[in-house]
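> The sequence shown begins at 52 in our numbering and counts up one residue at a time.
Please read through the structure below; I'll follow up with questions.
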Amino acid sequence: MSTSNESASMDVELSSKQKQAEAHRILLEGTTFLFVDLARSLKFLQRGIAAAETHYIYRALRAVPSLRKRLLPEVLAETIAACISETDAPNVRDCLKGMLVFLKQDQRESQSTGACEPELCLFLGLLSLLSLLDSGDRASGAKLAESLISVTSGSQRRTLDPIASRVFFYYSRIFEMDGRLHDVRPALLSALQAATLAGMKETKAMLLTLLLRNYMHYKHYDQAERLTAKSSFPSDAPNNLLARYLYYLGHIEAIQLNYSQAQMHLLEATRKAPSNAETAGFQQTVHKIYVIVELLMGNIPERSLFRQPVLRKPLQPYLELTQAVRVGDLNKFQDVVAKYEEKFLKDDVLILIQRLRHNVIKAGIRSISVAYSRISLRDICLKLHLDSEEDAEYIVAKAIRDGVVDATIDHEKGFVQSAEIHNVYGTSDPQYAFDKRITFCLSLYNESVKSMRYPGSDHRKELAYAMEAIKRERELAHELENDDYDGESDEDAMDEDL
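And the structure:
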């Protein structure tokens, strides 16, 4: 019996050793693969620097999410140490040494990776920044981000643009997580001026979105509006930055009572953003503002919008709000606002929802004017739960002046007389609807043409070389034909001599 127990314990002990060995082997393989992927990304960066092409820079940046999941400080420190020995720029060397200090790694000897340009320094700094952010060391991350920004200000090369934009994003993100977002505003404004002068389009687009987010965080809507009025967003910026910029622009315009422009920009933001699981939060945030703007314009959003799987649960309070506005029930509207007040405050839309009270009353007046050809002001006061008949008379008069209803008020007898309902196709409403759709289609066509990629002029050299080769072949064929003809003439002459 004891012999069987000893053999079982030996099996257990052996299996645990095997598990440790397997875990060690997996760790070594993961480290090796990480080294290989990191070296491949650095080669793409070096190739992009040599050819002055951002295409290779983007290929290296596409590997950042995969590297972030498997990042090890030891592997990153060894790569940074190899770059320190290959750089002559003092600011780049100091930044690389600072990365080792923040990662709490010692400088060690490593195989050279080639000349360390600012692009390589920023790329390794971006990975170090992500490592510190994931480990929760935001204090060291903020210091590292500031040193990386000093490197970007010292160089204004075209290949630096994609990496610098991401560095500025995480720089602002770290300070936002620490609750010190106002501290980065001077640096962002200075960087925006430098990026505009240097023609760094992606960095400029990123800085504009970060500044708008900064102003909106502290509810400085006037400053945000002045920034958008005095700056131009790059036309060839990436779609993700364009979608964010349009969302901020739509939100600001909604606060500034410019609902038509806000609706257009918010709708365009939803179309520019990709429709996948990663952008679900952005889609939900944009549609919350979009629903409120639609209600403020007097429109009722489609029911299919609230039935989308990604939007069904987050937009449930907004669905109840839409139902209250549609029927014009002021009591139900106030109940919905009181029920979801904390959520509306968290979504930063409570100030817009408070403006909907007048729209609820107008919707109620519209439904009353359709249902009754003649109704007293007393009945309107009771149906809309107003305080007095004077309030009802004032509200109905304003609705008539705004064109909400077509009716007249008999002040002496105290009733409202609705006009006959006209055929909508006899008005200019269909024309406005078609004009709106045609304008959207034309703008979509123009943006599609702008976003198309046209081939460069390199193929023209190959085409000219091919044409020259064809011309040489034709000349050679013509010469061969002439030689054959001359040979036949010589043979005929020899026959005649014989």
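Virtual Cβ for every residue (Gly too), placed ideally from N, Cα, C.
Since this is a predicted model, take the numbers as computed values, not measurements.
Could you tell me the distance, in whole angstroms, from the CA atom of Ala132 to the CA atom of Thr254?
Translated into the one-based positions of the sequence shown, residue 132 becomes position 81. Translated into the one-based positions of the sequence shown, residue 254 becomes position 203. C-alpha separation (whole angstroms): 28 Å.
> How many Å lie between Ser161 and Leu175 at the Cα?
On the sequence shown, position 110 is the one that residue 161 refers to. On the sequence shown, position 124 is the one that residue 175 refers to. At Ser161 the pLDDT is 48, less than 50, meaning the model places this residue with poor confidence; the figure from the coordinates comes in the next sentence. Roughly 15 Å separates the two Cα atoms.
> When the Cα atoms are used, what is the spatial distance from Leu428 to Lys464?
On the sequence shown, position 377 is the one that residue 428 refers to. On the sequence shown, position 413 is the one that residue 464 refers to. Rounded to the nearest angstrom, the two C-alpha atoms are 9 Å apart.
> So, are the CB atoms of Phe466 and Ile426 less than 8 Å apart?
Taking the sequence shown and counting its residues from 1, the one referred to as residue 466 is at position 415. Taking the sequence shown and counting its residues from 1, the one referred to as residue 426 is at position 375. Contact flag set, yes.
> According to DSSP, is Thr105 part of a helix, a strand, or is it coil?
Start at 1 with the first residue of the sequence shown, and residue 105 comes out as number 54. In this structure, Thr105 counts as helix in the three-state DSSP scheme.
> Provide the residue span of the alpha helix (DSSP H) that contains Ile402, from first to last.
For this step, residue 402 is matched to residue 351 along the sequence shown. Note, Ile402: alpha helix (DSSP H), Leu401 to Ile404.
> Could you round the C-beta distance between Ile214 and Leu173 to whole angstroms and report it? I think they count as a contact, below 8 Å.
Residue numbering aside, residue 214 sits at position 163 when the sequence shown is read from its first letter. Residue numbering aside, residue 173 sits at position 122 when the sequence shown is read from its first letter. That pair is a contact at about 4 Å.
> Just the C-alpha distance for Glu168 and Leu527, rounded to the nearest angstrom, thanks.
Translated into the one-based positions of the sequence shown, residue 168 becomes position 117. Translated into the one-based positions of the sequence shown, residue 527 becomes position 476. Rounded to whole angstroms, Glu168 to Leu527 spans 51 Å at the Cα level.
> Less than 8 Å between the beta carbons of Gly454 and Ser418, yes or no?
As a first step, residue 454 is located in the sequence shown; it is residue number 403 there, counting from the start. As a first step, residue 418 is located in the sequence shown; it is residue number 367 there, counting from the start. Going by C-beta atoms, Gly454 is not nearer than 8 Å to Ser418.
> Tell me which residues share the same chain as Asn290 and place their Cβ nearer than 7 Å to its Cβ, disregarding the 5 neighbours each side in the sequence.
Taking the sequence shown and counting its residues from 1, the one referred to as residue 290 is at position 239. Excluding sequence neighbours, Asn290 sits near Lys323.
> Can the beta-carbon of Leu248 be found closer than 8 Å to that of Ser282?
By one-based count along the sequence shown, residue 248 stands at place 197. By one-based count along the sequence shown, residue 282 stands at place 231. In this structure, Ser282 does not lie closer than 8 Å to Leu248 by Cβ.
> Would you mind stating whether Ser198 and Pro124 have Cβ atoms separated by less than 8 Å?
Taking the sequence shown and counting its residues from 1, the one referred to as residue 198 is at position 147. Taking the sequence shown and counting its residues from 1, the one referred to as residue 124 is at position 73. Not a contact, by the Cβ cut-off of 8 Å.
> Kindly give me the distance between the Cβ atoms of Asp398 and Lys339, rounded to whole angstroms, as I take these residues to be in contact under 8 Å.
Along the sequence shown, one-based indexing puts residue 398 at 347. Along the sequence shown, one-based indexing puts residue 339 at 288. Yes, Asp398 and Lys339 are in contact; Cβ-Cβ is about 5 Å, under 8 Å.
> Quick one: is Pro285 buried, meaning 16 or more other Cβ sit within 10 Å of its Cβ, or exposed?
Along the sequence shown, read from residue 1 onward, the residue named residue 285 stands at position 234. It is buried - the Cβ of Pro285 has at least 16 other Cβ atoms within 10 Å.
> Which residue comes first and which comes last in the beta strand (DSSP E) that contains Phe466?
Stepping through the sequence shown from its first residue, residue 466 is reached at position 415. Its beta strand (DSSP E) spans residues Phe466 to Ser469.
> Starting from Ile225, follow its DSSP beta bridges and name the residues at the other end.
Numbered from 1 along the sequence shown, position 174 holds the residue referred to as residue 225. In the DSSP output, where bridge partners are listed per residue, Ile225 has none listed.
> Please classify Ala458: does DSSP put it in a helix, a strand, or coil?
Here residue 458 refers to the residue found at position 407 when the sequence shown is read from its first residue. Here Ala458 sits in strand by DSSP.
> Answer with buried or exposed for Asn265, where buried requires no fewer than 16 other C-beta atoms within 10 angstroms of its C-beta.
Reading the sequence shown from its first residue, position 214 is the one you call residue 265. So Asn265 counts as buried.
> Counting C-beta neighbours from all protein chains within 10 Å, is the total for Ile404 16 or more, i.e. buried, or is it exposed?
Here residue 404 refers to the residue found at position 353 of the sequence shown. Buried, because 16 or more other Cβ atoms sit within 10 Å of the Cβ of Ile404.
> Among the candidates Ala520, Leu347, Met348 and Val342, whose CA atom is the shortest distance from the CA of Ser355?
Counted from its first residue, the sequence shown places residue 355 at position 304. Considering only alpha carbons, the answer is Val342.
> CA-CA distance, Glu129 and Thr82?
The residue labelled residue 129 in the question sits at position 78 within the sequence shown. The residue labelled residue 82 in the question sits at position 31 within the sequence shown. Near 12 Å, if we compare the C-alpha coordinates of Thr82 and Glu129.
> Report the three-state DSSP secondary structure of Arg363 (helix, strand or coil).
As a first step, residue 363 must be located in the sequence shown, where it is residue number 312. Residue state, collapsed to three classes: coil.
> Could you pull out every residue in the same chain whose Cβ sits closer than 6 Å to the Cβ of Glu319, ignoring the five residues on either side in sequence?
Counted from its first residue, the sequence shown places residue 319 at position 268. For Glu319, where only same-chain residues beyond five positions count, the Cβ hits under 6 Å are Leu297.
> Mapping DSSP to helix, strand and coil, what is Arg429?
One-based indexing of the sequence shown puts residue 429 at position 378. Of the three classes helix, strand and coil, the one that applies to Arg429 here is helix, per DSSP.
> Could you spell out where the alpha helix (DSSP H) holding Ala331 opens and where it closes?
For the purposes of this step, residue 331 is taken as residue 280 along the sequence shown, with counting starting at 1. Taken as a continuous stretch (DSSP letters only), the alpha helix (DSSP H) holding Ala331 covers Ala331 to Leu347.
> Let me confirm a value: Ala422 is counted as buried when at least 16 other C-beta atoms fall within 10 Å, else exposed. Which label applies?
Position 371 of the sequence shown, counting from 1, holds the residue named residue 422. Exposed, since its Cβ has fewer than 16 Cβ neighbours within 10 Å.
> Does the beta-carbon of Gly250 have 16 or more other beta-carbons within 10 angstroms, so that it is buried, or is it exposed?
Residue numbering aside, residue 250 sits at position 199 when the sequence shown is read from its first letter. Label assigned to Gly250: exposed.
> Rounded to the nearest angstrom, what separates Leu232 and Ser223 at their Cα positions?
The residue labelled residue 232 in the question sits at position 181 within the sequence shown. The residue labelled residue 223 in the question sits at position 172 within the sequence shown. Cα to Cα, Leu232 sits roughly 7 Å from Ser223.
> How do the region 470-489 and the region 297-312 stand: do at least 3 beta-carbon pairs fall below 8 Å, yes or no?
Contact fails: fewer than three Cβ-Cβ distances are below 8 Å.
> With the cut-off set at 8 Å, would you say Asp457 and Gln468 are in Cβ contact?
Taking the first residue of the sequence shown as 1, we reach residue 457 at position 406. Taking the first residue of the sequence shown as 1, we reach residue 468 at position 417. Contact: no.
> Out of Ala305, Ser191 and Phe333, which has the shortest C-alpha to C-alpha gap to Leu292?
Working through the sequence shown from its first residue, we reach residue 292 at position 241. Nearest option by C-alpha distance: Phe333.
> Is it true that the CB of Leu177 sits closer than 8 Å to the CB of Arg121?
Stepping through the sequence shown from its first residue, residue 121 is reached at position 70. Stepping through the sequence shown from its first residue, residue 177 is reached at position 126. In this structure, Leu177 does not lie closer than 8 Å to Arg121 by Cβ.
> Taking all protein chains shown into account, decide if Tyr369 is buried (16 or more other Cβ within 10 angstroms of its Cβ) or exposed.
Locating residue 369 in the sequence shown gives position 318, where the first residue counts as 1. Under this definition Tyr369 is a buried residue.
> Beta-carbon separation of Leu96 and Ala114 under 8 Å?
Sequence index remark: in the sequence shown, residue 96 carries index 45 (1-based). Sequence index remark: in the sequence shown, residue 114 carries index 63 (1-based). No, Cβ-Cβ distance for Leu96 and Ala114 is not below 8 Å.
> I'd like to check one pair, Leu347 with Leu262: are the Cβ atoms closer than 8 Å?
To locate residue 262, count along the sequence shown from 1; it is residue 211. To locate residue 347, count along the sequence shown from 1; it is residue 296. No, they are not a contact pair.
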